[in-house]
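Trainee: If you're matching them up, the sequences are chains U and C in order.
Just so we're aligned: 427 in my numbering is position 112 of the first sequence, and the numbers increase by one with no gaps anywhere.
Just so we're aligned: 324 in my numbering is position 276 of the second sequence, and the numbers increase by one with no gaps anywhere.
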Amino acid sequence: MDEFIPQFVGFARLVVLAIVPFVLASQGTMLGGRTGLFNVAQEGIMLLGASLGFLGAYLYGGLGYGVLLAVFSGAIAGLALAYFTTTLKMNQFVIGLAIFFFTMGLSTLFYKFVVGVTLQPPLIPTLQDLPIPVLSQIPVLGEIFFNQNSMVYFAILFSLFLYYLLYKTSFGLKLRAVGENPKAADSLGVNVDRMRYFTAIVGGMLMGLAGAYLPMVYTGTFTAGMVQGRGWIAIALTFFGGWSPGLILLGSLFFAGVEVLALRIQVGGFGIPYQFLLMLPYLATILTMIFAFKWIKAPAFLGQNYDREKRSLS
Amino acid sequence: MTKSIVLQMEGIRKVFGTVVALDDVNLQLNSKEIHGLLGGNGAGKTTLMNVLFGLYKPNAGKVELHGEKVEIRSPKDAINNEIGMVHQHFLQVDSYTVTENIVLGTELKSWPTLKLEVEADQIRALSEKFGLAVDPDTIMSDLPIGVRQKVEILKALYRGVEVLILDEPTTNLTPQEVDDLFESLRVMVDEGLSIVFITHKLREVMSVCDKITVLRDGQNVLTEDRENVTEKSLVKAMVGEGLNVEESVVFSSVVSGAETRWGASEFGEPVVKVEGLHAQNEDSIVVIKDCTFEVRQKEILGVAGVAGNGQQALAECLMGVCPIHQGSVIVDGMNVSETETRDLLEGGVAYIPQDRLLDGFLPTASVAHNLILGYQRNQAYSNKGFLDWKIIFQSARQQIDEYTIMTPSAGDVAANLSGGNIQRVMLARAFAHPSSFLIAHNPTRGLDIRSIDFVYKKLFERKEAGAATLLISEDLDELFRMCDRIATIYSGEIVGILEKGEFDKYEIGRMMSGVKAND
């Protein structure tokens with residue numbers, strides 16, 4: 316029993332540390348989806364964010380520069396998605412996948428361009444923990460929630476802010492209406508296109524930031540493909556969380572938990588080939604989706620472009 | 049008393065691709081006036097109003113409000129100019145409450161909290177004033193269609209409109225609800241509003257409008273005060289020279305005052321026997337409850353009801369598409385629950401589905417393909433599994449002629465057809481193959497008057513020839529005109545069946561809202 320509590324606290328603390336990329340990428344997806352814009356380029360945008368996040372910090376000697384660069388690249392990707400789908404009315408999934416491949420390629424290209432091929436990969440200092448005075452002294456909870464790095468606090472607070480924005484402000488009422496019935500929103504003077512641009516760009520920024528978290532907290536360096544499917548899992552998490560910021564935050568604990576568990580078992584060495592353990596998050600994704608799909612309610616116009624002058628066929 | 053001009057639309061032209069939807073159309077609206085905008089489907093009524101509301105950008109023409117030229121580029125501009133529109137297909141967010149739907153897009157004092165009590169009270173006050181009873185706190189999707197319409201109107205009133213456009217507002221209402229709506233409109237006009245009332249129903253313009261403009265094929269035909277027109281003159285204006293009004297079924301009551309020409313005949317043996325039919329949908333919700341009825345030879349049985357009360361499920365049960373849960377359906381000696389739909393088709397059941405785009409045709413296939421869809425295994429068309437294209441095209445060309453389907457050739461892609469012509473394909477397919485029983489679900493929806501008349505005549509021809517018909521329709525006038533008996537359906541239940549001679553729109557209206565015939 317004496318062993319258990321510190322073990323549990325250690326595990327729980329790692330889980331909370333690991334929710335950040337899931338939460339940020341997923342809230343970004345949710346935000347776009349709530350206006351009907353379904354971004355499927357998370358994985359690529361996160362890779363680009365990871366690459367530029369690392370390079371910014373490496374070149375200019377400060378994590379802040381990396382964060383700025385990652386967020387900026389995400390905004391550009393979001394802008395591109397919005398332009399091609401909202402202004403040019405092209406298929407959202409095709410454009411999303413194109414952006415995925417493009418940003419994925421860019422992520423390694425930039426790294427090679429700046430760093431080149433090295434024997435020893437260059438490292439950046441990782442993000443320091445920032446214990447919150449008083450709160451971090453609370454037994455158990457303090458260690459789990461209030462002795463983390465600043466990005467953890469940001470991810471949680473931003474999720475709460477999004478909940479407030481979407482459900483408690485008139486701006487949120489308009490935003491959600493665009494995803495539920497863009498024509499209704501349009502007929503009441505809500506600017507559908509502007510709303511979609513806004514959510515696509517902010518969503519992309521969150522995804523870029525989610526990617527930057529990986530080199531800045533986990534590894535200190537960038538490696539090709541280091542997002543390891545977290546972007547795709549973020550889509551599943553968004554559905555799992557019913558496209559609602561609060562539930563996404565809760566749901567991220569589950570996906571982060573499985574990820575940490577897989578690592579733990581790997582280190583503990585239970586004689587299971589580690590490749591199987593690496594499958595765990597994806598297996599969990601499939602299983603939860605099978606059950607979650609029964610009760611989730613996605614925005615009614617998710618993935619559909621809106622054209623004011625298009626006449627319905629009937 | 050001279051009335052001031054509120055709105056003036058001049059020389060409006062709108063082109064979609066190569067189709068001229070509006071050609072130099074004018075409209076003048078006086079203050080405190082209900083202005084009827086009358087015309088058949090495709091006449092351009094809704095297009096004209098969508099231009100006014102900023103949904104469509106006109107290719108030419110100008111709009112003046114109180115004598116001043118205004119540019120309306122979006123619905124937002126329209127709202128700022130105090131123009132409101134109630135669309136035929138409601139533009140509502142199903143998951144929002146009534147209040148949220150109404151206040152969406154307005155400046156809210158409670159923008160940082162979204163506590164909408166003040167706004168809800170305002171809405172209550174408005175709904176009381178104009179006789180539009182609705183509870184502001186209900187979730188939209190829980191409301192029946194009639195109430196949802198009131199929400200649409202309140203949405204406009206809440207924004208303080210001066211000009212209110214109503215697009216076919218009576219489509220889904222019971223006769224009682226229509227009366228209530230007309231009363232509310234009078235209150236609005238007394239309060240200083242001016243109303244444009246889009247409709248294709250003569251009786252409505254005659255009973256509620258002060259002034260009437262008739263459009264045909266995207267052009268002005270007539271603008272007159274109501275006192276100066278008769279139903280007959282309006283009919284002539286609506287249809288032009290292309291239709292012989294005296295001979296038409298649609299206007300039979302207007303022209304001759306009687307509907308006897310296509311009147312009753314001796315009915316034959318029952319063709320369809322439905323007993324204690326129960327059915328559930330995929331979510332295990334009961335959609336058809338204890339339905340029992342017969343359709344005889346030479347009989348047209350109508351099914352009245354507000355849309356979404358189980359009409360679709362009923363039609364699909366009879367076609368063997370929707371599984372039958374309890375009870376029995378016998379069509380022409382075939383037990384439907386034990387018969388494949390394809391055998392029903394071959395055995396003489398024809399079906400004109402309500403949603404012709406979704407259930408009725410293949411947009412990328414050719415017109416000829418579509419004309420034999422479902423009948424492709426017939427001996428006439430196929431030989432040991434191979435289709436005989438020569439015969440198929442021959443009969444397709446024949447049907448294109450007979451049903452005057454406007455298409456460059458039988459091999460042309462069906463998606464190029466207009467709505468009316470798609471419906472003609474549906475009809476040709478249903479009528480060209482011998483059948484003893486026809487299910488027609490809203491067969492005239494979205495058609496122009498000429499096509500509607502064509503459908504009616506075909507239905508009567510079949511009736512004469514001895515076939516049984518189930519006509520499901522949301523248009524009471526259509527049912528009164530066509531049917532020998534009318535059954536009214538409410539939440540999947542047949543509430544009552546009336547014989548010809550005892551048809552009464554208020555009686556049926558009561559049944560449409562769930563009141564049993566003998567209550």
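C-beta atoms are modelled at their ideal positions from N, C-alpha and C, and glycine is treated no differently.
Just to confirm before moving on: does the CB-CB distance between residue 332(U) and residue 452(U) stay below 8 Å?
Mentor: Position 17 of the first sequence, counted from the first residue, corresponds to residue 332(U). Position 137 of the first sequence, counted from the first residue, corresponds to residue 452(U). Contact: no.
Trainee: May I ask you to report which of helix, strand or coil DSSP gives residue 531(C)?
Mentor: Along the second sequence, one-based indexing puts residue 531(C) at 483. It is coil, neither helix nor strand.
Trainee: Do the region 383-393 of chain U and the region 322-339 of chain U touch if we need at least three Cβ pairs shorter than 8 Å?
Mentor: Flag = no, the region 383-393 of chain U and the region 322-339 of chain U do not touch.
Trainee: Less than 8 Å separating the beta-carbons of residue 496(C) and residue 65(C)?
Mentor: For the purposes of this step, residue 496(C) is taken as residue 448 along the second sequence, with counting starting at 1. For the purposes of this step, residue 65(C) is taken as residue 17 along the second sequence, with counting starting at 1. Contact flag unset, no.
Trainee: Indicate whether residue 359(U) and residue 369(U) have their beta-carbon atoms separated by less than 8 Å.
Mentor: Position 44 of the first sequence, counted from the first residue, corresponds to residue 359(U). Position 54 of the first sequence, counted from the first residue, corresponds to residue 369(U). Going by C-beta atoms, residue 359(U) is not nearer than 8 Å to residue 369(U).
Trainee: If contact means a Cβ-Cβ distance below 9 Å, which residues of the region 485-498 of chain U contact chain C?
Mentor: So the list reads 485, 486, 487, 488, 489, 491, 492, 495, 496 and 498, given in the order they occur along the chain.
Trainee: Taking only beta carbons into account, state which residues of the region 127-144 of chain C come closer than 9 Å to chain U, listed in chain order.
Mentor: Of all residues in the region 127-144 of chain C, 127, 128, 133, 135, 137, 138, 139, 140, 141, 142, 143 and 144 have a Cβ within less than 9 Å of some Cβ in chain U.
Trainee: Decide if the region 362-371 of chain C is in contact with the region 482-489 of chain C; the criterion is three or more beta carbon pairs, one per stretch, under 8 Å apart.
Mentor: Yes, since at least three Cβ pairs between the region 362-371 of chain C and the region 482-489 of chain C fall closer than 8 Å, the two stretches touch.
Trainee: Please tell me whether residue 507(U) has its Cβ less than 8 Å away from any Cβ of chain C.
Mentor: Here residue 507(U) is taken as the residue at index 192 of the first sequence, counted from 1. No - not a single Cβ of chain C is within 8 Å of the one on residue 507(U).
Trainee: Please list, in chain order, all residues of the same chain as residue 51(C) whose beta carbon is under 8 Å from its beta carbon, the five residues on each side excluded.
Mentor: Walking along the second sequence from the start, residue 51(C) turns up at place 3. Excluding residues within five positions, the ones whose Cβ falls inside 8 Å are 78, 79, 80 and 81.
Trainee: Quick one, which of 437(C), 417(C) and 91(C) has its alpha-carbon nearest residue 462(C)'s?
Mentor: Residue numbering aside, residue 462(C) sits at position 414 when the second sequence is read from its first letter. Residue 462(C) has its Cα closest to that of 417(C), out of 437(C), 417(C) and 91(C).
Trainee: Pop quiz: residue 218(C) and residue 352(C) are said to be a contact at Cβ under 8 Å. What is the actual Cβ separation, rounded to whole angstroms?
Mentor: By one-based count along the second sequence, residue 218(C) stands at place 170. By one-based count along the second sequence, residue 352(C) stands at place 304. So it is not a contact: roughly 15 Å between Cβ atoms.
Trainee: In this structure, how does DSSP classify residue 482(U) when only helix, strand and coil are distinguished?
Mentor: Sequence index remark: in the first sequence, residue 482(U) carries index 167 (1-based). DSSP places residue 482(U) in helix when its eight states are reduced to three.
Trainee: Could you pull out every residue in the same chain whose Cβ sits closer than 7 Å to the Cβ of residue 494(C), ignoring the five residues on either side in sequence?
Mentor: Within the second sequence, the letter at position 446 stands for residue 494(C). Only 89 and 467 meet the Cβ criterion.
Trainee: Got a sec: which bits of the region 59-79 of chain C sit with their beta carbon under 8 Å from any beta carbon on chain U, in order along the chain?
Mentor: The region 59-79 of chain C vs chain U, Cβ under 8 Å: 64.
Trainee: Which value, in whole angstroms, describes the spacing of the CA atoms of residue 136(C) and residue 442(U)?
Mentor: On the second sequence, position 88 is the one that residue 136(C) refers to. On the first sequence, position 127 is the one that residue 442(U) refers to. For residue 136(C) and residue 442(U), the distance between alpha carbons rounds to 57 Å.
Trainee: With distance defined between alpha-carbon atoms, name the residue in 528(U), 534(U), 571(U) and 527(U) nearest to residue 548(U).
Mentor: Within the first sequence, the letter at position 233 stands for residue 548(U). It is 571(U).
Trainee: Just to confirm before moving on: does the CB-CB distance between residue 633(U) and residue 555(U) stay below 8 Å?
Mentor: Residue 633(U) is absent from the model: chain U starts at 316 and stops at 629.
Trainee: Could you list which residues in chain C have their beta carbon closer than 8 Å to that of residue 500(U), in chain order?
Mentor: Looking up residue 500(U) in the first sequence gives position 185. By Cβ distance, chain C contributes 141, 152 and 153.
Trainee: Note down, in chain order, every chain C residue with its Cβ under 7 Å from the Cβ of residue 643(U).
Mentor: The requested residue 643(U) is not part of the displayed model; chain U covers only 316 to 629.
Trainee: If residue 431(U) sits next to residue 124(C), beta carbons under 8 Å apart, how far is it from one beta carbon to the other, in whole angstroms?
Mentor: On the first sequence, position 116 is the one that residue 431(U) refers to. On the second sequence, position 76 is the one that residue 124(C) refers to. Their Cβ separation, rounded to whole angstroms, is 54 Å, which puts residue 431(U) and residue 124(C) out of contact at 8 Å.
Trainee: Helix, strand or coil for residue 247(C), going by three-state DSSP, please let me know.
Mentor: For this step, residue 247(C) is matched to residue 199 along the second sequence. Of the three classes helix, strand and coil, the one that applies to residue 247(C) here is strand, per DSSP.
Trainee: Name, in chain order, the residues that DSSP records as bridge partners for residue 58(C).
Mentor: The count along the second sequence starts at 1 and reaches residue 58(C) at position 10. 110(C), per the DSSP bridge assignment.
Trainee: Below 8 Å between beta carbons: does that hold for residue 540(C) and residue 259(C)?
Mentor: Counting from 1 along the second sequence, the entry for residue 540(C) is found at position 492. Counting from 1 along the second sequence, the entry for residue 259(C) is found at position 211. No.
Trainee: If we define contact as Cβ-Cβ less than 8 Å, is residue 455(C) a contact residue for chain U?
Mentor: Translated into the one-based positions of the second sequence, residue 455(C) becomes position 407. No, residue 455(C) does not count as interfacial toward chain U.
Trainee: Check each residue of the region 153-187 of chain C: if its Cβ is closer than 7 Å to any Cβ of chain U, include it; give the result in chain order.
Mentor: Cβ contacts with chain U come from 153, 156, 159, 160, 161 and 162.
Trainee: Against residue 148(C), what residues of chain U qualify as contacts under a CB-to-CB distance less than 9 Å, listed in chain order?
Mentor: Translated into positions along the second sequence, residue 148(C) becomes position 100. What residue 148(C) touches in chain U: 488 and 492.
Trainee: Name the one or two DSSP bridge partners that residue 34(C) has.
Mentor: Residue 34(C) lies beyond the residue range present for chain C, which begins at 49 and ends at 567; the question has no answer from this structure.
Trainee: For residue 76(C), which of helix, strand or coil comes out of DSSP?
Mentor: For the purposes of this step, residue 76(C) is taken as the residue at position 28 of the second sequence. DSSP places residue 76(C) in strand when its eight states are reduced to three.
Trainee: So the candidates are 204(C), 206(C), 180(C) and 205(C); which of them puts its Cα closest to the Cα of residue 195(C)?
Mentor: Working through the second sequence from its first residue, we reach residue 195(C) at position 147. The option with the nearest alpha carbon to residue 195(C) is 180(C).
Trainee: Where residue 305(C) and residue 280(C) are concerned, what is the direct C-alpha to C-alpha distance, given to the nearest angstrom?
Mentor: Translated into the one-based positions of the second sequence, residue 305(C) becomes position 257. Translated into the one-based positions of the second sequence, residue 280(C) becomes position 232. The predicted model places residue 305(C) with a pLDDT of 43, which falls under 50 and marks its position as unreliable; any figure quoted below should be read in that light. When rounded, the distance between both Cα atoms is 11 Å.
Trainee: So residue 538(C) contacts chain U; which residues on that side make the cut at Cβ distance below 8 Å?
Mentor: Here residue 538(C) refers to the residue found at position 490 when the second sequence is read from its first residue. Within chain U, no residue comes near residue 538(C); the closest Cβ sits about 25 Å away, beyond 8 Å.
Trainee: Return the first residue and the last residue of the beta strand (DSSP E) that residue 516(C) is part of.
Mentor: Taking the second sequence and counting its residues from 1, one reaches residue 516(C) at position 468. That run of the beta strand (DSSP E) goes 516-520.
Trainee: Using 8 Å as the threshold, is the region 587-606 of chain U in touch with the region 615-622 of chain U, meaning 3 or more CB pairs across them?
Mentor: Not touching, per the Cβ criterion.
Trainee: I'd like the span of the alpha helix (DSSP H) that includes residue 319(U), first residue to last.
Mentor: Counting from one through the first sequence, the residue named residue 319(U) turns up at place 4. First-last of the alpha helix (DSSP H) with residue 319(U): 319-348.
Trainee: Helix, strand or coil for residue 541(C), going by three-state DSSP, please let me know.
Mentor: Along the second sequence, one-based indexing puts residue 541(C) at 493. Strand.
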